[in-house]
Every structure is written in structure tokens, then in C-alpha cells.
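Keeping their order, the protein sequence lines are chains A and B. The numbering of the first sequence is my numbering, which starts it at 91 and goes up by one. The numbering of the second sequence is my numbering, which starts it at 343 and goes up by one. Every residue gets a Cβ at the ideal spot worked out from N, C-alpha and C, and that includes glycine. Keep in mind the model is a prediction, meaning the values are calculated, not measured.
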Amino acid sequence: MFRNYVVIAFRNLWKHKLFSVINVVGLSSGIMVCLLALIDIKGAFDYGKFHPNPERTYRILTDVTSGENQVVAYASTPMPLAGVLKRDYGFVEQTARVIRTYAEFTVDRKMLQESYCAVDPAFFTVLGYKLASGQPAMEPHTAVLTPQTAEKFFGRSNPIGKTIHHKEFGTITVTGVFKPLPIRSHLRFGLALSMATLSAENRKQHTDWKHYAAGYTYVALKKGTSVELLEKALPAIAARATKDLRFTSEKGYTFRAQPLTTLSPSRNDLQMGTWEVSWGKLATEMAVGLVTLLLAVFNYVNLTLARSLSRAREVGIRKVSGAVRWQLMAQFMAESVVLSVLALGVAYLLLLLIEPMPFVQQWLIGGVQLNGTMWAVFVGFSITAGLLAGFVPARVLSGFRPAQVLRSQTGLKVFKGITLRKSLIVAQFSIALIAMIALLSMARQQNYMATADYGFRSEGILNIPLHGVPYQRLANELNRVSGVERVSATSELFGGHGGDLIRARRQRSGGDSVLIFSSAVDQYFVANMDLTLLAGENLPEMTANATGDGASGRFILVNEEAAKAFRFSNPREVVGQSLWLNDSTEVQIAGVLKDFRFTTFNWAIKPLILRYQPKEFRYLNVKIAAGAEASALPAIQRIWKRLNPYEPFAAQWYADFLYERHSHEDDIDFMSLLTGLAFSIACLGLLGMVTYTTETRIKEVGIRKVMGAEVRQIIWLLSWDFVKLLLLAGAIAIPLGYLAGMAFLINFAYHVSIGFETLGGCIGLLLGLGGLTIGIRTYRAALSNPADSLRSE
Amino acid sequence: MISLQNVSKYYPAGFGKTYVLRNITLDINEGEFVSIMGPSGSGKSTLLHILGMLEEPSEGEYLFFDQPVQKLSEKRRTELHRNYIGFVFQAYHLIDELTVYENIETPLLYKGMSSSERKSRVAELLDRFNMVAKKDLFPSQLSGGQQQLVGIARAVASQPKVIFADEPTGNLHSDHAKEIMDLFKKLNKEDGVTIVQVTHSEANAEYGNRILRLKDGWLESFQVPSLERE
Numbered sequence: 091m092f093r094n095y096v097v098i099a100f101r102n103l104w105k106h107k108l109f110s111v112i113n114v115v116g117l118s119s120g121i122m123v124c125l126l127a128l129i130d131i132k133g134a135f136d137y138g139k140f141h142p143n144p145e146r147t148y149r150i151l152t153d154v155t156s157g158e159n160q161v162v163a164y165a166s167t168p169m170p171l172a173g174v175l176k177r178d179y180g181f182v183e184q185t186a187r188v189i190r191t192y193a194e195f196t197v198d199r200k201m202l203q204e205s206y207c208a209v210d211p212a213f214f215t216v217l218g219y220k221l222a223s224g225q226p227a228m229e230p231h232t233a234v235l236t237p238q239t240a241e242k243f244f245g246r247s248n249p250i251g252k253t254i255h256h257k258e259f260g261t262i263t264v265t266g267v268f269k270p271l272p273i274r275s276h277l278r279f280g281l282a283l284s285m286a287t288l289s290a291e292n293r294k295q296h297t298d299w300k301h302y303a304a305g306y307t308y309v310a311l312k313k314g315t316s317v318e319l320l321e322k323a324l325p326a327i328a329a330r331a332t333k334d335l336r337f338t339s340e341k342g343y344t345f346r347a348q349p350l351t352t353l354s355p356s357r358n359d360l361q362m363g364t365w366e367v368s369w370g371k372l373a374t375e376m377a378v379g380l381v382t383l384l385l386a387v388f389n390y391v392n393l394t395l396a397r398s399l400s401r402a403r404e405v406g407i408r409k410v411s412g413a414v415r416w417q418l419m420a421q422f423m424a425e426s427v428v429l430s431v432l433a434l435g436v437a438y439l440l441l442l443l444i445e446p447m448p449f450v451q452q453w454l455i456g457g458v459q460l461n462g463t464m465w466a467v468f469v470g471f472s473i474t475a476g477l478l479a480g481f482v483p484a485r486v487l488s489g490f491r492p493a494q495v496l497r498s499q500t501g502l503k504v505f506k507g508i509t510l511r512k513s514l515i516v517a518q519f520s521i522a523l524i525a526m527i528a529l530l531s532m533a534r535q536q537n538y539m540a541t542a543d544y545g546f547r548s549e550g551i552l553n554i555p556l557h558g559v560p561y562q563r564l565a566n567e568l569n570r571v572s573g574v575e576r577v578s579a580t581s582e583l584f585g586g587h588g589g590d591l592i593r594a595r596r597q598r599s600g601g602d603s604v605l606i607f608s609s610a611v612d613q614y615f616v617a618n619m620d621l622t623l624l625a626g627e628n629l630p631e632m633t634a635n636a637t638g639d640g641a642s643g644r645f646i647l648v649n650e651e652a653a654k655a656f657r658f659s660n661p662r663e664v665v666g667q668s669l670w671l672n673d674s675t676e677v678q679i680a681g682v683l684k685d686f687r688f689t690t691f692n693w694a695i696k697p698l699i700l701r702y703q704p705k706e707f708r709y710l711n712v713k714i715a716a717g718a719e720a721s722a723l724p725a726i727q728r729i730w731k732r733l734n735p736y737e738p739f740a741a742q743w744y745a746d747f748l749y750e751r752h753s754h755e756d757d758i759d760f761m762s763l764l765t766g767l768a769f770s771i772a773c774l775g776l777l778g779m780v781t782y783t784t785e786t787r788i789k790e791v792g793i794r795k796v797m798g799a800e801v802r803q804i805i806w807l808l809s810w811d812f813v814k815l816l817l818l819a820g821a822i823a824i825p826l827g828y829l830a831g832m833a834f835l836i837n838f839a840y841h842v843s844i845g846f847e848t849l850g851g852c853i854g855l856l857l858g859l860g861g862l863t864i865g866i867r868t869y870r871a872a873l874s875n876p877a878d879s880l881r882s883e
Numbered sequence: 343m344i345s346l347q348n349v350s351k352y353y354p355a356g357f358g359k360t361y362v363l364r365n366i367t368l369d370i371n372e373g374e375f376v377s378i379m380g381p382s383g384s385g386k387s388t389l390l391h392i393l394g395m396l397e398e399p400s401e402g403e404y405l406f407f408d409q410p411v412q413k414l415s416e417k418r419r420t421e422l423h424r425n426y427i428g429f430v431f432q433a434y435h436l437i438d439e440l441t442v443y444e445n446i447e448t449p450l451l452y453k454g455m456s457s458s459e460r461k462s463r464v465a466e467l468l469d470r471f472n473m474v475a476k477k478d479l480f481p482s483q484l485s486g487g488q489q490q491l492v493g494i495a496r497a498v499a500s501q502p503k504v505i506f507a508d509e510p511t512g513n514l515h516s517d518h519a520k521e522i523m524d525l526f527k528k529l530n531k532e533d534g535v536t537i538v539q540v541t542h543s544e545a546n547a548e549y550g551n552r553i554l555r556l557k558d559g560w561l562e563s564f565q566v567p568s569l570e571r572e
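Below, the structure written as C-alpha cells:
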């Protein structure tokens, strides 16, 4: 019986190729998106796996009670906790602390930024990151590199025994190289330093119970120990530790243990969180996948019902041959299952096709190995999808009564679920359209951020990262190049995250403090960036040898927003006033700058101070005269080669930097792919519907043509029902798409509006593509020769 | 074997009802070959459908082997379709996606017969209907007469007690029609299968031993059977 079902299913699919192609394409797209989500979910559960004893290893979390009595969970703990656990509690086998940050390291005169973890010796055994060669970093001033970092620092040569330099920690010897880190790991870093390497200043925190965000504490319990012992001990330690602590705003904290096995996927967001995947992300992915799949399932339901006429007779025959309803349902569902399993095959091919996309690698499936279980899940998932898709049509089709469908008269009309079918088409196009409006809003916003006027000059400015080259020397050399109009220095490229935040007050003690962005610039910066001084003067001239922060750094520029933040009503009042930075440095305001956008557009313009701090300079901004780019650039490159032969020349035009920083083409590419899939599924479905519907009306067309109807009138007759559906979908999707777009745009202080261009463009595309789909079919039907369709059957 | 008592069939129409069959009382015995005749719209097909349990009468009682059909469950009725009743249609109604072999096999599948039993049964039928060479063809590759042969083979596959045929030769040329009617006659005589056919043709009706004439839903004449079987 089962074999019979499958055989019939294949013959049916083969015979109705349009139907099969539409459904396989649709279902495979939907399943492909679901596969991405399923793989990511599998990956999320892989996170703890490579650790040696995940079932008895725990990370300690800190639940901090804020001043407003809200409990905020931190993934980090105060550093002394590990020592107490190890010393006082017998059931603890080992503890390992990890402090995560990034720094600049000097290797062979190259300055390289790298993220690192400072780790206890036990880190290597408790968390089990394996070494490919060498020894773990346990002694002071030792480090272990990841293979990528090793290559970045030392190229192909063996790094073990070589040294790197950090300005605070001094010279560090490389003792080993990790095996490639598992991608599915909650910690990601370029190198691991021994905890003892950290400077005394840094290590002060190690005895301070106040800094609960200092680092991470991992605990391995002795074999056979119940975790309850740890869970009982932690609140007691917290109570003891916080008894004498005085926080500025927090009320206190307590600890709890998180097993490494439940680290990922994470149920709730942790402050100071690591790289584990959150349930929310996985749920979103799965939801997107299921919606895409649902669109394809709609097609299946729709087209199967549209074809119900041809299947009705078969149902009648089978029923009089003695079939009961469930047997017929089983047969129809076998068809949908065969279809969805075929679609799984195609989906896997599609998956291979999109696998290299950066978005897919980075966010979805990077580092996950497919195994037998995964394949079983895929097949099970596809079969389930097939069963669900097949259920509604199977129920409808198996409900035909033989007496109705087997009467000999021709011209039998069996229409079922017309309303359902229309609603499904409307739903498909609405969803596709909403996605499209949201996507277009996103793309336009990114384009806006990438190309908008930030209020400073971005054209003709070449930014050169200093990488440790003395800025004055490079600037002097560059100034001599013909075509270079001006050179300025800065610590931060504007249009990014905005630089360092510092606390400033108008009095040394007391008074309100203001959090304020601070950047280091030189006196040429204002002119170079084309900023406008509203009041006061530019930073004073600095002599070439004035390198200290002392006298020369005493003057600052502020923006209007900063003036407002300090409650000056008039920019003129501000000039000459003093500010205290970080409670220790007194500076004087030399001038007030007109507001410009120095952060991303996520935030409105914030208070900013610009200060002369040559030690902080990390970039030179070189203004090159228009037209002189071609001649100036090689000259600049030669100078760079001479001054810093070991470092590649990494200059970038400011406009290009802004563009790259803000146009996330990878994300947009992937989302366009999804929207495109949704839209093509909907269009294919519509094509199928129009095809089957016009087929059943071909006789009517013949009669009307004989009566003298024109082709145009017939196209209209056949199309109008579908055009109505498209218009309805548009009417539903415009407000919802607007809301979806706004939900994204609301995150930006400066954003594009969703106006006529976006909505009109999307509707135009919908009507254009939908109309084309409808038009092709109805035109062909309208051209048909009535003599053929009216020939008596 | 079949007994109708005052059976009527009507459909609601506006405020009243439209009667298709009125007050039909008739008995059909095992082994009979009955022809139902009448003009278009006289209710022939409806009567056949009621007899074949595809439709239910609006009024009256139907006894099939002394069992009141109205009271049977859906399941029991399907049982009867599987084991007692075969259908032959004017438009053949073969399943286009199945081969000749598979079409004949279909009722046996639903009967739950084992694979080897099915094989021998279908082989026997193919042999008997001279269709062995065509067993792997699809219906669209056969002529009308051949399709109807398959239809009849399918109807007799499950060895039913009665075959209901709705204008079985309506779409066929007279040569083919004669062939088919001879086959019915043979089935009736040799296998003792009761046959009830609806037909327009007096000639075909003559194959039977009794003719029921319907007009406007009324049973007009009741021709006394000429050949009564024991």
C-alpha cells in the first residue's frame, strides 16, 4: 500500500511539472532558511562540548541589585572570589579567572591591536583550550597565541620563544600556540597572557570585591560533588564580601553558578556577556525560517486545491473501490511528503550555494559540523513540514462524495476553499511586501549614514593610521608633498563610536558631572575638517617640540551641545571657563564649535571636547587638493615606506571609511536574499493559481470570444480577480510595513523617512511583478482559439 | 437481495422540494440482470447511486441482504463496497496515473489482500479479459472499449455480488458496446453476478431479464421477470 502511495505520488509530480516545480522551489527555499536556523541551534548547543568536564564546571554569575532595586545579571565576578572558593571550600577542584580586553602589542616594531585574555594557570586545564605546540602560559610575562595571531605577529616562522611588547606589561615571551580555537566557543581571543603578567596597577583589582565586572570566574568541582554545595556557599560568600562594601549606586550583589553545559544558548542577557548564542536570536531565526516555509506551504495548499477538480474523480473512484477517508488522506499526504523530501535535497544544494556568504558564516552556520543526528533532524523536519502542508488539502480532497464527482455529466464544477485560497495569496504578498518595505528602509538608512553630510569634511581627506610612527615627523614630511594642503592629527575617526567618554565638572569637587566624549586633536584639525568656530579661538599654536600634555593640553574646544550640558545659554559665555576632567585635570575652554555629527546616527549629537594630547594621536588626516590625488598618493606612500618599512600602508579616504563603516552590505545582501525568496515564492504561487484558474475558465473564454469579446476585455476579465488580491495585499502591507520600517529606524536619532519613494517603489514592484505574472497567463488564455475550447467533449 | 420500500429522493429548492425519485418500491433478487431505462432527468442515475449506497434516500427503507442500509455505519458501508459491490461508469473513470494492472489492483489493495494473492487475482483477470499485453499501459493509451474492459475488470476484481453499471456503453461504438454487453451477460450467467445497469438503448436493455422504466421519478412499469432463477 505504502509503495503504491509513493509510486502514485511520483507519477503525479512528474505529470504536473509546473505544480511540482513551483512547490519544490518554494518549499526548498523555505526549508533552506529553516536549515540555517536548525544548524545554528545545533551550533548553539555545541558551545560547551569541547571543555573537558562541562558537567562539573561552572561559571559564576553576579546578580547585582541596582539603586532602583532592579536585579541585573553579570557574567563576571569580582576577582577575589576564585581565591576564596579554592582556599575555603574542599569540594572545589580548581578555579580559573579570565580577564578579557584588548590592547596594542608591539612585535618587531609593528603595532598590532589584538584581543587577549589574562588567565590563571588552571585556565588551560579547566576550560581545555588545546595547545598545538609549546607550553601553557603560567609564568609572569608569558603568552600563548592562537594560530591566527601567531601568523599575524610572526608570519610563517615558529613564534615560540619570540617576544612581544606591551607598553604596560613590558616584554612577553611566547611559550606556546593554541590549536585553532573552536568557532563555537563562548570565549574568543587572539592570545592568552598569564595572569601574573598584568601590571601591579591592574592586579590591584584582584583583591577588590567592588569590581564585579572585572573578569570571569570558572570553577571545576571535584568528581561526584553535588552542585548544591556550591550553590549554598555562593550567597554566603557574597553576603560576607558585600557587608563592608560601599557602592556608589548599587545596593549589593549575590552569586550563582551557571553550568558550562547551559551556557549556550543563553536564556537571558548577561552584562559583560561573552559570545554564547541567545535563545532570542535562535528563535528569531527559526521564526524567519518558518515564515518563509509557511509561504511555500501556502503555495502547496493553494495549488493542490486549485487542482482539486482533477483529483476529485480519483477520490470518487477510490472511494467506490472501498477506500476509507484516512487511506485517501494518507495518499495525498504521501505526495506532499515526497515533495518536501525532494525539496530538502534542493534546499541542501541551495545551502551549499549560499554557504560562502559572509553573513551566513559569521552569524549562522560558521564552525558547525553536520552529523548523522543533524541529518535525521533535517529529514524529520522536512517530513513534518510535508505532513503539515498536505493536511489541509488532503482533508478537503478526501471529503469529496463519489456520487457528486462520478456523475457522467461533463462540466462538473468542484470548487473548494476559494476564500481560503484568496486569503493565502493575500497573506503571501502581504508578508513579502512588509519584508520588502522594512528591508528598503534599512538599506536606505544605511546608505544615508554612509553618504550623508556629517557636518565635517569627508571629501578629499586621507586618513593614515599612525601605527606607532611619531606623528610630528610624518606630518612634517607629508606637508612637503605637493598636493597636500594640510595635515592634522586625531585620536578618533568621527562617524564611529565617538571616542572616549570622560567625566567633566565645572568645579573641582561638587557640582554635577557630565559624561562627555573626548578626542585628541591638533590645532590644524578644525580647519582641516571644515568645522565652524562659533565663539572663541582655535586651539593655540603648538611648537613642534611641545609634546607633553601639561601646558599645551590646557586648552580645549567644546561643541554647542557641551556648552548646553554645562548650562551656558550663550556660546560666548563659555569661552575662558574652566572645566575639571576626571576630577584631576583643569582645562580652559578656548572656543565653541558648531555642532556636527561625530558619532554614528544612532545617537543625537552629544557633548564633545577636543583637546591637544599628542600621545593619544592615532591618525593623521591629510587634506589633498582636488585633482592632486593621483600624484600625491604615491609620494605619501613612499614616505610611509621610508618611515615605517614593516607596516603596510593602510590609508583610507574619509568618505570611504564612512561608507564602509555604515553600509553593512553583507547583512543587506542576506536579507535581500530572504525577501527575494519570499517574493518569488509568492509570485510562483500566483503563477500557478492563475494558470489553473484560467484553465478551468477556458470554455468561458471561448464562448465570450465567439460572442465578440476583445482580447483586452478577456485579459481584464481573467485578471481582475487577482489584481484585486494584489491591491488588498498592498493595502494590508503598507501600514504594517511602515511600522516594521519605523521599528528599525527608531533606533537612529537621524534617520530617513519612509515616504512615497519607499512605499510607492515597493507597491510598484509588487504590482509590476504580480501583474506580469498574471498578464502572461491571461494573455495566452485570451489568445486561445475558441474552436479548440468549444469542441464538444 | 435488494429491497426498496417507498424510497423517495428530493432536494430542497427554494421554499419547496424537487423530487428526483418518488415512492419507489422494488425488489431485485440475486442473479438477476436488471436494466433501468428512462428519459434524461428521470432519476435513473440517482436510483443507481442509491442502490450503490453512494447516495442516501430521503425517505423510505433500503434493505441490502436484509440489512437496513440507512442504519449502517460509514465503516460498514465501505465494507460492503469492498466485498459486495462493483461499479462500472459511462466515462470509465480509470485513474489516469495508474497502469492497467494497477487500476485493476486498486480495489484489492483496499480490501487488504496480500501481495501474492493480488498478483494472481490480477493476472487471472488480465488473462480472462485478454489484456495481458496491455497491463503496463496507461488509460490514455487505450481505446474507449479497452478502457471500459479495464473498468469492468476492476469492478469484478473483488468478486462482488452485484455490479452497478451507469450507461456502460454510452461512450462506445456499437461493436464495442456489443462486446461489453456480451461480457456482462457472461458474468451474469457464468459467475452469477447480479447486474443492475442504467441504459438508454432498448437493444442493450434486452440483455437483461427485467426492465425498470422511470419517468419523472416514478417507477412506471414492472415487467414480470421472464426467466426466474431458483
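For the stretch 352 to 366 of chain A, there are no residues whose beta carbon sits under 8 Å from a beta carbon of chain B. Around the beta carbon of residue 747 of chain A, a 10 Å sphere encloses 16 or more other beta carbons of the protein chains shown; the residue is thus reported as buried. Judged by beta-carbon spacing, residue 446 of chain B lies within the 9 Å limit of residue 492 of chain B, meaning their Cβ atoms are closer than that value. Judged by DSSP secondary structure, residue 359 of chain B falls within the beta strand (DSSP E) whose first and last residues are 358 to 370.
Bounds of the beta strand (DSSP E) holding residue 183 of chain A are 182 to 197. Residue 434 of chain B sits buried, since 16 or more C-beta atoms from the chains shown fall within 10 Å of its C-beta. Chain B has no Cβ within less than 9 Å of the Cβ of residue 483 of chain A. Within the stretch 399 to 476 of chain B, the complete beta strand (DSSP E) segments at least 3 residues long are 401 to 406, 427 to 431, listed from N- to C-terminus.
With a threshold of 9 Å between beta carbons, residue 805 of chain A makes no contact with chain B. Scanning chain B for C-beta atoms nearer than 8 Å to the C-beta of residue 785 of chain A yields nothing, as the closest lies near 16 Å away. Close to chain A, meaning a Cβ-Cβ distance shorter than 7 Å, are the following residues of the stretch 441 to 461 of chain B: 448, 449, 451, 452, 453. Taken in chain order, the unbroken stretches of alpha helix (DSSP H) that lie wholly in the stretch 754 to 798 of chain A and span 4 residues or more are 755 to 786, 788 to 796. The beta-carbon separation of residue 386 of chain A and residue 778 of chain A, rounded to 12 Å, does not stay under the 8 Å limit for a contact. By the 16-neighbour rule on beta-carbons within 10 angstroms, residue 559 of chain B is buried. Counting other Cβ atoms within 10 Å of its Cβ, residue 465 of chain A stays below 16 and is therefore classed as exposed. Of the other Cβ atoms in all chains shown, fewer than 16 fall within 10 Å of the Cβ of residue 92 of chain A; this residue is therefore exposed.
For residue 96 of chain A, no Cβ of chain B is located within less than 9 Å of the residue's own Cβ. The CB of residue 515 of chain B never comes closer than 8 Å to any CB in chain A; the least such distance is about 17 Å. Residue 553 of chain A sits in a strand when the DSSP states are folded into three classes. DSSP lists A:164 as the bridge partner or partners of residue 361 of chain A. Counted as a single uninterrupted DSSP element, the alpha helix (DSSP H) harbouring residue 387 of chain A occupies residues 369 to 396. For residue 203 of chain A, the enclosing beta strand (DSSP E) starts and ends at 200 to 209. Counting other Cβ atoms within 10 Å of its Cβ, residue 536 of chain B reaches 16 or more and is therefore classed as buried.
For residue 489 of chain B, the three-state secondary structure derived from DSSP is helix. If only uninterrupted beta strand (DSSP E) runs of at least 3 residues are considered, those enclosed by the stretch 231 to 301 of chain A are 232 to 235, 253 to 256, 260 to 268, 281 to 284. If you check each beta-carbon in the stretch 407 to 422 of chain A against every beta-carbon of chain B, the ones closer than 9 Å belong to 407, 408, 409, 410, 411, 412, 413, 414, 415, 417. Residues 211, 284 of the same chain have their beta carbon placed closer than 7 Å to that of residue 228 of chain A, with the five preceding and five following residues left out of the count. The residue among B:438, B:365, B:420, B:549 with its C-alpha nearest the C-alpha of residue 403 of chain B is B:365.
Not one beta carbon of chain B lies nearer than 9 Å to the beta carbon of residue 113 of chain A. For a Cβ distance threshold of 8 Å, residue set 409, 410, 411, 412 of chain A lies close to residue 423 of chain B, ordered along the chain. Judged by DSSP secondary structure, residue 579 of chain A falls within the beta strand (DSSP E) whose first and last residues are 574 to 580. The Cβ atoms of residue 744 of chain A and residue 591 of chain A do not sit closer than 9 Å to each other. Rounded to the nearest angstrom, the Cβ distance from residue 514 of chain B to residue 490 of chain B is 6 Å, consistent with a contact under 8 Å.
Not one beta carbon of chain A lies nearer than 9 Å to the beta carbon of residue 537 of chain B. Within chain B, the residues placing a beta-carbon under 7 Å from that of residue 404 of chain A are 437, ordered along the chain.
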